[in-house]
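Asker: With the numbering used here applied, the sequence shown corresponds to residues 519 to 821, in that order.
From the three backbone atoms N, C-alpha and C, an ideal C-beta is built for every residue, glycine too.
Pasting a structure here, questions to come.
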Amino acid sequence: MHTPAPARPFAALAAGALLLLLLPPLGSRGEAGETVRMARKLWNGQRLAAEESSHTEVETKARGWDTARTGDQVGSEFRSYTQEMTVDADGRPEIRRTYTKAIQSGDQLHSSKVEERPTSLAGKVVYLSMKQGRPEVRAAEGRIAFEDQDGALWPEQLYALRPAAAVESGKPWAADATALGKVFFGGAAATLLGRGAGGARGVLRGYVQVDGRRCAEIQYQLDVGAGATATGTLHFSLEDGTILGFEMSGPIAARVGLGGASAQATGTRSVKYRAHIAEHGVLVGEAQADRAGRGQRGRARDE
């Protein structure tokens, strides 16, 4: 009898996407020499709706103690929600998020039967805030499984990808490979899959209209090891100081060993985020880290 492989262990072991659809060479669609600063803005009462998803396909090979095993797995996650930001008198933001859907699925690759099940975020009202310099996630009722806490924080981690200072259109810069790897590989998997990762690069390619708003379009490249590259695109609304879109895809590979045993995973992963601003709210100012001048690494916990 075939027993579907759970999505979680697989998702924590692999990451990649459509075997590297190479984008055009880094370049610009904006005015040469034009610069822009991408500070996050705080809006008291800002409401938005968002969807985020990931898809991973991986082949695993394990050897040890005179045995050898192989297997193919596929796993996906999808979350949709509405959220509202409130900002207190001291400029500290809190996000109230209501998940309308939160599911994961996983099974053998090429299987006609894919099991779909809700995660612990499904149907919950979740609050995100900062406590003593660390992000905190809590549910209004019930509990959030440990493995789902990273999923709740993932949209906020996107803000760590913005360049620390003003950037010039068409001029590449050294991006934060740790932050980019965490967003692409996801949560705890970033520690394992990021071992072979190298540098990261970003470039402001120009400006596009997204949901009726003028957005800076940033292209990223992340060296994921073995000469392979994952590519991504981020859309940042200049008027709102808010990220409206992000996509990234590429190959992944990981290898671990324990005593006389070893395991290797290779595959592809893609991640996607889309947001729609339903109501502006009242502009309070910039996020504290942006007011103070973000460091080059732009860590998410400072957001």
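Should Glu575 be labelled buried (16 or more other beta-carbon atoms within 10 Å of its own) or exposed?
Answerer: buried
Asker: Give me, in chain order, the residues of the same chain whose beta-carbon lies closer than 7 Å to that of His794; leave out the 5 immediate sequence neighbours on both sides.
Answerer: Only Leu566, Ala567 and Asp729 meet the Cβ criterion.
Asker: Give me the Cβ distance between Leu762 and His753, rounded to the nearest whole Å; I'm assuming they're in contact under 8 Å.
Answerer: 5 Å
Asker: Which one of Ala805, Asp666, Gly716 and Arg635 has the shortest CA to CA distance from Val644?
Answerer: Of all alpha-carbon atoms in Ala805, Asp666, Gly716 and Arg635, the one lying nearest the alpha-carbon of Val644 is that of Asp666.
Asker: Could you have a look at Pro681 and say whether DSSP puts it in helix, strand or coil?
Answerer: For Pro681, the secondary structure class from DSSP, reduced to helix, strand or coil, is coil.
Asker: Please classify Leu540: is it buried, with 16 or more other beta-carbons within 10 angstroms of its beta-carbon, or exposed?
Answerer: Only weak support is given to the placement of Leu540: the predicted model assigns it a pLDDT of 27, under 50, and the value that follows is read from those uncertain coordinates. Looking at its Cβ environment, which holds fewer than 16 other Cβ atoms inside 10 Å, Leu540 is exposed.
Asker: Alpha carbons only, please: which of Arg731, Asp668, Arg680 and Thr616 is nearest the one belonging to Ala805?
Answerer: Arg680
Asker: Can you have a look at Glu570 and say buried or exposed, based on whether 16 or more other CB atoms are within 10 angstroms of its CB?
Answerer: With 16 or more other Cβ atoms inside 10 Å of its own Cβ, Glu570 counts as buried.
Asker: If you count every other CB in all the chains shown that lies within 10 Å of the CB of Gly768, and 16 or more means buried, which is it?
Answerer: buried
Asker: Which residue's Cα is closest to the Cα of Gly799: Gln591, Ile662 and Asp758?
Answerer: Asp758
Asker: Taking 8 Å as the threshold, find out whether the stretch 686-698 comes into contact with the stretch 634-653 through three or more Cβ pairs.
Answerer: no
Asker: Can you tell which of Ser780, Gly785, Gly743 and Val726 has its C-alpha closest to the C-alpha of Leu756?
Answerer: Val726
Asker: Please report the Cβ distance between Gly593 and Gly624, rounded to the nearest whole angstrom; I am assuming they are in contact, meaning their Cβ atoms lie under 8 Å.
Answerer: 4 Å
Asker: Quick check on this structure: which residue in Glu612, Gly803, Trp672 and Arg581 has the alpha carbon closest to the alpha carbon of Arg597?
Answerer: Trp672
Asker: Between the Cα of Lys642 and those of Leu676, Ile621 and Tyr617, spot the shortest distance and give me the residue it belongs to.
Answerer: Tyr617
Asker: Could you check the C-alpha separation between Ser546 and Thr749 for me, to the nearest Å?
Answerer: The predicted model places Ser546 with a pLDDT of 39, which falls under 50 and marks its position as unreliable; any figure quoted below should be read in that light. Ser546 and Thr749: Cα-Cα distance of roughly 16 Å.
Asker: For Gly660, which residues in the same chain have their Cβ closer than 8 Å to its Cβ, ignoring the five residues on either side in sequence?
Answerer: Ser638 and Lys642
Asker: Just verifying my parser: in three-state terms, what is the DSSP assignment at Glu654?
Answerer: strand
Asker: By alpha-carbon positions, which one of Glu602, Met766, Gly716 and Arg555 ends up nearest to Asn562?
Answerer: Glu602
Asker: Thr637 lies in the alpha helix (DSSP H); which residues open and close that run?
Answerer: Per DSSP, Thr637 belongs to no alpha helix (DSSP H) and is neither H nor E.
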